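So for the sequence shown, the working numbering puts the first residue at 13; every next one is plus one.
The next block holds one structure in the form of structure tokens; read it before the comments.
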Amino acid sequence: MSREAFHLLLERYLENRCTDEEKEIIEKWYGMLDKHDMEDIAPAQVNALEQKLWDRIHEDALMVEDDEIPVRKLKPRFKLSKTLITVAAAVVAGFVVITAYLFFNVGSKKPEFMTVAATNSINSVTNNTTNSMVVSLEDGSRVTLQPKSLLKYPKHFSKTVREVSLEGEGFFEISKNPARPFLVYNSNVITRVVGTSFIVKTNSAARETEVTVKTGKVIVSPNSGSLSFKVDGLLKSDKGVVLTPNQKTVYNASENTFATSLVDKPLPIAKNNKQVIKENYSFNDAKVADVLNQLQKSYGIEFTVEDKELYNYTFTGDLSEQDLYSQLDFLCESIQAKYEVKGTKIIIKEK
């Protein structure tokens, strides 16, 4: 086997173009690996690692030629040389080392301050109490840290970006600064904002992270190192999701998927991070379109009327002091309609 063929074979596996038998062999070998064997390998050394594997294959092949290996005699359709068998086995082992390298050492991306800064320039706060804890950052942002959660951040943010690392759950209230976006890292996702409030909650056992937006807008992207040892997981390239108020997403690192929906209890949106002003939801012979437009404006949720005939109805009633879904129950009952929550939208249709 040539050096080029070896490289192409590695690529075939990572591109999910190997046979089921080849994959099965590789994954069985993978189960025998110890990830600590590769912890000292730097990401920049991938090409060097492949070359070392190639060199090792030839070294092992030459060594085996000098040894007697007891084998069970079969009646093959064609004869394979002992050297070729050894090389093939070494290639399989090489596959496993490469994929294990990707699985263990591409690793979750870390904030820049954790990779270049000295330990004494990093603040680390763990909430060991049974109550929530407020952590104030130098830019005026605040993080409400839940019990058993850990927040790491630099003593001084850089001039171009504000980065923190979170384990557990935290509610972030970010000081607006478009010139310096704020990034929250955990093992599964990276959440990017410029000025908003949101919750990041991680379930380590399930390898899931939930991000819920209260105000503003955030972009949630997979932390690229959080890859499943599945070929399709290695090849998926989700670019993430954009969330606005009353929306949430749950990222499953094992499957590399996002499930985006409305929050369980949507709330009226606070303007400019100020306290919500109670709006008047009292209507008198109002058009259904006007009622829905006011709800959409208050909650930032998109409403779609599936049956246009409903626009011919009017509504009279007071929806104040009720949550969104109670308001919709009341409205739909009065106009003989029903609603369905579909992703981040609410569909209104005739019964």
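C-beta: ideal position from N, C-alpha, C; glycine also.
Source: prediction; values computed, not measured.
DSSP-derived helix/strand/coil call for residue i
i: Ser375; result: Any property of residue 375 remains undetermined from this structure, which presents the chain solely from 13 to 363.
i: Tyr293; result: coil
i: Lys309; result: helix
i: Phe169; result: coil
i: Leu304; result: helix
i: Lys363; result: coil
i: Leu255; result: strand
i: Asp250; result: For Asp250, the predicted model reports a pLDDT of 47, less than 50, meaning its position is unreliable; a value from the coordinates is still stated below. Coil at Asp250, not helix or strand.
i: Asn200; result: coil
i: Asp330; result: strand
i: Asn264; result: strand
i: Leu336; result: helix
i: Gln57; result: Bear in mind that the predicted position of Gln57 carries a pLDDT of just 47, short of 50, making it unreliable; the figure below should be weighed with that in mind. DSSP places Gln57 in helix when its eight states are reduced to three.
i: Asn143; result: coil
i: Lys320; result: helix
i: Ser133; result: helix
i: Glu181; result: strand
i: Glu345; result: helix
i: Glu150; result: coil
Counted within 10 angstroms of its Cβ, other Cβ atoms place residue i as buried (16 or more) or exposed
i: Ala218; result: exposed
i: Glu352; result: exposed
i: Gly312; result: buried
i: Glu175; result: buried
i: Lys320; result: exposed
i: Thr316; result: exposed
i: Ser148; result: exposed
i: Asn324; result: exposed
i: Glu333; result: exposed
i: Lys164; result: buried
i: Ala265; result: buried
i: Asp46; result: With a pLDDT of only 44 at Asp46, under 50, the local geometry of the prediction cannot be trusted, and the value read off the model is given with reservation. Classification for Asp46: exposed.
i: Glu291; result: exposed
i: Ser161; result: buried
i: Asn140; result: exposed
i: Glu181; result: buried
i: Arg84; result: Bear in mind that a pLDDT of 45 at Arg84, under 50, signals an unreliable position, so the number given afterwards is only what the model happens to contain. Arg84 comes out exposed.
i: Glu185; result: buried
i: Val146; result: exposed
i: Ser177; result: buried
i: Glu314; result: exposed
i: Gln308; result: exposed
i: Asn296; result: exposed
i: Asn305; result: exposed
i: Glu362; result: exposed
Proximity below 7 Å, CB of residue i to CB of residue j
i: Val212; j: Val196; result: yes
i: Thr227; j: Thr208; result: yes
i: Ser273; j: Asp330; result: no
i: Val275; j: Gly252; result: no
i: Asn135; j: Lys167; result: yes
i: Ser360; j: Ala349; result: The question names Ser, but residue 360 is Ile in the sequence shown. Against a cut-off of 7 Å, the Cβ pair of Ala349 and Ile360 comes out as a contact.
i: Pro159; j: Thr138; result: no
i: Thr224; j: Asn200; result: no
i: Ser144; j: Ser187; result: no
i: Phe327; j: Ser310; result: no
i: Lys229; j: Thr269; result: no
Nearest-angstrom Cβ-Cβ length linking residue i and residue j, presumed shorter than 8 Å
i: Asp341; j: Lys277; result: At roughly 14 Å, the Cβ-Cβ gap does not stay under 8 Å, so Asp341 and Lys277 are not in contact.
i: Glu179; j: Thr214; result: 7 Å
i: Asp151; j: Phe169; result: 6 Å
Interface flag, residue i vs chain D, CB-CB below 7 Å
i: Pro166; result: Protein chain content of the structure displayed is limited to a single chain, and chain D is not contained in it.
Are the segment 298-305 and the segment 256-272 touching, with three or more C-beta to C-beta distances below 8 Å? The segment 256-272 and the segment 298-305 do not touch, with fewer than three beta-carbon pairs separated by less than 8 Å.
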